[in-house]
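Notes to accompany the following structure.
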Amino acid sequence: MEVVISIAIGVLAGSGVWLLLRPRTFQVLIGLSLLSYAINLFIFSVGSLSIDKEPIVLPGLPPTLDSYTDPLPQSLVLTAIVIGFATTALFLVVLLALRGLSGGDHVDGREERP
Numbered sequence: 014m015e016v017v018i019s020i021a022i023g024v025l026a027g028s029g030v031w032l033l034l035r036p037r038t039f040q041v042l043i044g045l046s047l048l049s050y051a052i053n054l055f056i057f058s059v060g061s062l063s064i065d066k067e068p069i070v071l072p073g074l075p076p077t078l079d080s081y082t083d084p085l086p087q088s089l090v091l092t093a094i095v096i097g098f099a100t101t102a103l104f105l106v107v108l109l110a111l112r113g114l115s116g117g118d119h120v121d122g123r124e125e126r127p
């Protein structure tokens, strides 16, 4: 399970960084989204990866990490998803305004000449 999550985080982070280095603003927007997904997945995996375990310590069980999943990373990821959605929406509005004002969607505002 940990290997699959690690590979997914690596692929998302690598793809996000590669798209951040592209010259068009829409590709930068998608790269930021992929990078935020990778970070959210990393923070979520820090809590503990367990299947079919209770998220809260049940009566009669010792309060150890074997029978408990920390809810703090889950709440941090939920907050990060909401903030990331708002930031993406704001960036999309700025991207549309830039396209309307400049007529292009390059990051530096200039088209590449062949």
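So the sequence shown is residues 14 to 127, counted in our numbering. Even glycine gets a Cβ: it sits at the ideal position worked out from N, Cα and C.
- Following the continuous alpha helix (DSSP H) through residue 120, name the residue where it begins and the one where it ends. Where residue 120 is concerned, there is no enclosing alpha helix (DSSP H), given that its DSSP letter is neither H nor E.
- Query: Can you tell me whether residue 51 is buried or exposed, with buried defined as 16 or more other CB within 10 angstroms of its CB?
  - Reply: buried
- Query: Which residue comes first and which comes last in the alpha helix (DSSP H) that contains residue 38?
  - Reply: 38–60
- Task: Give a yes or no on whether the C-beta atoms belonging to residue 108 and residue 38 are separated by under 7 Å.
- Result: yes
- Message: Could you tell me the alpha carbon to alpha carbon distance between residue 92 and residue 53, rounded to whole angstroms?
- Response: CA-to-CA, the gap between residue 92 and residue 53 works out to about 10 Å.
- Could you give the C-beta distance for residue 23 and residue 48, rounded to a whole number, given that I count them as a contact under 8 Å? That belief does not hold up - the Cβ atoms of residue 23 and residue 48 are roughly 12 Å apart, past 8 Å.
- Cβ pair residue 90, residue 56 closer than 7 Å: yes
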